[in-house]
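>
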Amino acid sequence: MTDTLSYADALKILGCNENRLFKVAEFAATAGLTGWALAGGAQTALSLFDLKNDVLRYGEDVLRRVSERRTGVNRFTRTQRLAAAHAVVVVSAYFRALDETELPFDLRRLGLDRGTEGALAAGGAPADGFAELMERLLAARLPMPEPHRPYAETRRAVGETYRRMSEAVTRYVRGLALWDELAVDDRIRLPALLAEGPPERALRRYDDDYRLLALDSPEFGVWSLVTETQALGAGLSRVARLLAELAPPRAGDRPRVHLLRLAASALDQPLTAAGRAPDGIALPLLGEGYINPRCRVAEMTREATPAVRGWWEGQAELPDAEAFLVGHLTSMRATQAPLVVLGEPGSGKSKLTEVLAARLASSEFLPIRVALRDVAAESTVMSQIEQGLAAVLDEEVKYQDLLESAEGAEGVAGAAGAAGAAGALPVVVLDGFDELIQAAGTTRYDYLEQIQEFQARQARLGRPVAVVVTSRTVVADRVRFPPGVLAVELLPFDDDQVRAWLGIWDQTNRALLARHALKPLPAAVALAQGDLARLPLLLLLLALYDATGNALQRGGGELGRAQLYESLIKDFATREVLREPGVRALPAARRQRLVEREMVRLGAVALSMFARGRPVVAESALNRDLPALCGTGEQGDDASADWARQVTGRFFFVHKNEARTAGDRARSYEFLHATFGEFLVAWLAVYAVRDLVRRHALAEDELTGPPDDDLLYAITSFSCLAERAPVVGFATELLRALPGPERSRAAQALAGLVRGALYERRRRSFTEFVPVRHPVTRRLAAYSANLVLLLVAVSPEPVSVREVFGNEDHFAQWRNHAHLWKSQLGPDGWRGLIRVVPARRSTGDIQLGGIPESDDPNMSTWWLGEHDGRPTVIRVDTFPEERAYLLDVAADLLLKDEEVFLVRRDGRICALPLVVRELFLEAGSETTERVALYEDVAAVWQELPHQELYLGALTRALTLDTGLPFDERARVVTMLLAGGAPEDRLRPLVESMIFERTDSLDLLAAAGVPDALLRAP
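Position one of the sequence shown corresponds to residue 29 (our numbering), numbered consecutively onward.
1. When you compare the stretch 762 to 781 with the stretch 803 to 819, are there three or more beta-carbon pairs, one atom per stretch, that lie closer than 8 Å?
2. Just checking, does the stretch 572 to 581 make contact with the stretch 383 to 400 on the three C-beta pairs under 8 Å criterion?
3. Would you call the stretch 321 to 338 and the stretch 455 to 466 in contact, with 3 or more CB pairs under 8 Å?
4. Which residue from Q480, G355, V369 puts its Cα closest to that of C323?
5. What does DSSP give as the partner residues of C323 in its beta bridges?
6. Looking at the unbroken beta strand (DSSP E) that takes in S499, where does it start and where does it end?
7. Would A444 be called buried (16 or more neighbouring beta carbons within 10 Å of its own) or exposed?
8. Would you check if the stretch 348 to 356 and the stretch 532 to 539 touch, i.e. whether three or more CB-CB distances between them fall below 8 Å?
9. Rounded to the nearest angstrom, how far is the Cβ of A230 from that of Y122, given a contact under 8 Å?
10. Could you check which residue in F948, T105, L961 has the C-alpha nearest to that of R936?
11. State the CB to CB distance for the pair E327 and G512, rounded to an integer number of angstroms; the pair is presumed to be in contact (CB under 8 Å).
12. With 16 other CB atoms within 10 Å as the buried threshold, where does V800 fall?
13. Buried or exposed for F699, going by 16 or more other Cβ atoms inside 10 Å?
14. Could you name the residues of the same chain whose beta carbon sits closer than 7 Å to that of Q486, not counting the 5 residues immediately before and after it, in chain order?
15. Per the DSSP calculation, F393 is bridged to which residue(s)?
16. In whole angstroms, what separates the C-alpha of L569 from that of V409?
17. Looking only at C-alpha atoms, which of F948, R771, R958 sits nearest to E825?
18. Would you identify the three-state DSSP class for D934, choosing helix, strand or coil?
19. Please state whether DSSP places G512 in a helix, a strand or coil.
20. Leaving out five residues on either side along the sequence, give the residues of the same chain with a beta carbon under 7 Å from the beta carbon of L786.
21. Quick check on A613: buried or exposed, where buried means 16 or more other Cβ atoms within 10 Å of its Cβ?
22. In the DSSP assignment, what are the bridge partners of R900?
23. Roughly how many angstroms lie between the CA atoms of E195 and L271, to the nearest whole one?
24. Once the 5 residues before and after E647 are set aside, which same chain residues still bring their CB inside 6 Å of it?
25. Decide if P993 is buried, meaning its Cβ has at least 16 other Cβ atoms within 10 Å, or exposed.
26. Please check the pair V507 and R562, which I expect to be a contact at CB under 8 Å, by giving their CB distance rounded to whole angstroms.
27. Is the distance from the Cβ of Q483 to the Cβ of Q557 below 8 Å?
28. Quickly, what does DSSP pair P298 with across the bridge? List them, please.
29. Taking all protein chains shown into account, do 16 or more other C-beta atoms lie within 10 angstroms of the C-beta of A112, making it buried, or fewer, making it exposed?
30. Confirm, please, whether the CB-CB distance from V383 to L295 is below 8 Å.
31. Determine the extent of the alpha helix (DSSP H) in which R1043 is found, giving its start and end residues.
32. Roughly how many angstroms separate the alpha carbons of R1015 and R999, rounded to a whole number?
33. Within its chain, find whatever has a CB closer than 8 Å to the CB of L1063; leave out the 5 residues flanking it on each side and keep chain order.
34. Could you work out which residue in A713, C44, H176, A223 is closest to E130 when comparing CA atoms only?
35. Does the structure place the stretch 786 to 796 close enough to the stretch 850 to 858 that three or more beta carbon pairs sit under 8 Å?
36. Can you list, in chain order, the stretches of the beta strand (DSSP E) that have 3 or more residues and sit fully within the stretch 582 to 665?
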């Protein structure tokens, strides 16, 4: 939870030299904790009139000197002082209004007479009233304007604070001798007068004083005026202007800090600074081509569900994202909790952090951008920051040393508060939480809490720090949001943003395209593509796709996302292939195979990353993986060849990184955006499926024996494709775009492979392709799960488990596969699989794909078939000896009786302990239902464990349940006798029933109770 200031806090921050006022404020802050006497109440008591004068005098001084207090100090100190000035203004406005209100007494009458002074010195009710009043006026937390809240909302909160102050004044006056001197009408009128008069006057005074603060200090403008919608802009240019108004640019940085700021200043780099741009195309510069985002903002609560898209629709949209960012970074909240930026893949999260870091680099902030995909996933926040610094500065640097460089301090850590006038406020940007947890392979639910603890620890050391974290929206449920954390969701482009970006694209490329008789992409054509034009990355890809022969303008219709990626990457691959000597003279089919080879190699690069669970792969690893999967068997297909550079060097969407390790340069590769890798993994898997279909057709034509699935096994046996939902989406779109006959053959081939997926294959190709070493069980689990996933994706209708396994034991086989998947695929793979391959049970079968199974608690029909209406007992056997093997928490915690279930005559299934609970504790339930429950238990009591125990419980419940009809209870007794219950166990029940009514003997005999049981023994 983030904290705001009280008036007492504000006096400390501003260094109040009003001795009496400071003592009273200090007393107010401690009296609630230590009590009246220990807080020094008797020595600090003064009249409300005197307090009013001191508060107003100090408030005027603060307003007059606010501009002096914000100069010559660092960013955080200025933020503290301005927040303190605001707290002073809030309280001063109330005391001014109280002084102007026409009360039925003069405020001077609220002075302390001798009797009151004595009471205060002794403590008691007057002392408690004074302490409560001081605490409410001077020690309560006060509202603070924040950039995610409209000024009107802050004003309402201030008004509520004033109302609580008036209530405290009313209670205080009632405890004084003055109250008894007031006329009856004045006593009645005073509470309403104080509740309505001072708060309204104080709000008007607060408005005036706030405007004065905003004139002197621009921070108050960005803290409160973000409700004014700004014109569409680019490159967060207003961030730079707003920051320039707050403080002058920095000069004289030390070398390390200068390098860090230089690295952050990327505005004059291309929009995608990776590889080289396609021929004949110029990419806009980052500072010009980044369109300012639209955002929604929300303060997190325990009920918030930020991973759910529908939840965000009810949150407020920010009319001015730039002012919000500046306002947040100059607020107290920024150093108390991280700001979380969420968005869909391609929505511009990373670009936002790049542009923001660049705008902060020339101001009084020190931006430190950390790509979380490049750091050790399990390391601490501090360690991750230092790893990010090492990547930028090309040397290992301690975070503390960097801050000392930024502050210009020569001494040891902590000297002089580590926050001199030249000290910049660090802004740590942790980019890519989703990639961090993917690389970790485990959960980091406490990551935001760790960041908040890091911020609190740094603040205690005098080194406050602001933190921004980015992540895909879909994984926001993989981390706990501490209450009070702000989250921002980046919204898709609206029509105006699409037009603005395409206008920049037009200016950049019109002349270049005209040389080839081509036109820039019109907004109307782009907008016709629906969602593809709404995400910045996809809009860029549309423009690049159209730059080849105006393909989008000529094609018409709407592209699918996979179709866009495939067309774009194939176009680049075609250009690169045609550069090779003699290729243009080859037949079209041969050129197409060469293009396909390039696609396969790029897919292998993506697979090498995907199998390792990281978005980056080392050059040495690629030089092993690529020849193993893509080699032809010819000489040179080995690790000595520079496969990594040959495959990746020609494509702008593959980025090369270099890091120094033990004096050497270690290269690694990553895609411009994660979705390129996700598409290529899906494309490679579908390519392997199509290769399988071709081999099937060849085997049928030439009788060469069953086709091998070696390529498909090599590609899909290391990781479940469902670990990344976009991979499944791309694969489904590609498979369903296949011609009908090819889809049918693919479904048939995949179904055949599923049946034999877990059986051993003695010889396989591609055995040298081992990007990561897994147990055989893990590889078989991944392979079989991916086969089922691809089968469901290629099939137009839900897939029948019975038809796939094709025998009477299909349920057992399905269960065996599912247990293997759950045990081997890990949480991401297993949960992803059941999400993208929903299963639904039907009579004698399970349907995969389509509508998922509803949350139906009554599954007895599926398990037991058509119920014959007779109660029965079913057992879930778990043997104590096997529990140490299975490590099943449910089996460990279940008692023996909890493994037994009663199937009611109506088909409902109830756990045995719940049945007993209903018999004893549900006496008020409907009569027919209770009679049926007694009859069901009586019919099966001999099949229950601990028969004597449950028979005793049943008879005891019948004895006590006198609200049931007598003849119904008698019939249950007869049923127990017919079931073999000993008469001596039933005798206490029967004797009790005999004394309930005068005609009980007749009714029991009519129900069939034998005379021997009715006669006394």
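From the three backbone atoms N, C-alpha and C, an ideal C-beta is built for every residue, glycine too. Being a predicted model, the structure only gives us computed values, none of them experimental.
The structure says:
1. yes
2. Flag = no, the stretch 572 to 581 and the stretch 383 to 400 do not touch.
3. no
4. V369
5. BP columns for C323 point to L346, L518.
6. From DSSP, the beta strand (DSSP E) with S499 extends over 494 to 500.
7. Reliability of the predicted coordinates at A444 is poor, the pLDDT of 34 falling under 50, and no value is obtained from them.
8. no
9. Indeed, because the Cβ distance is near 4 Å, the residues count as touching under 8 Å.
10. L961
11. Between G512 and E327 the Cβ distance is about 6 Å, and since that is below 8 Å, they are a contact.
12. exposed
13. buried
14. P492, V493
15. L453
16. 35 Å
17. Nearest of F948, R771, R958 to E825, Cα basis: R771.
18. Residue state, collapsed to three classes: coil.
19. coil
20. L808, S812
21. Under a 10 Å Cβ-count criterion, A613 is classified as exposed, with fewer than 16 other Cβ atoms of the shown protein chains found around its own Cβ.
22. Reading the sequence as shown, one finds Thr at residue 900 and not Arg. DSSP output for T900 lists V931 as bridge partner(s).
23. 41 Å
24. A672, R695
25. exposed
26. Not a contact, Cβ separation roughly 26 Å.
27. no
28. L313
29. buried
30. yes
31. Neither: R1043 is in no alpha helix (DSSP H) and is coded neither H nor E.
32. 15 Å
33. What the structure shows of the chain is the stretch from 29 to 1045, and residue 1063 is not part of that stretch, so it cannot be assessed.
34. A223
35. no
36. Annotation: the stretch 582 to 665 contains the following complete segments of the beta strand (DSSP E) (minimum length 3 residues), in chain order: 644 to 646.
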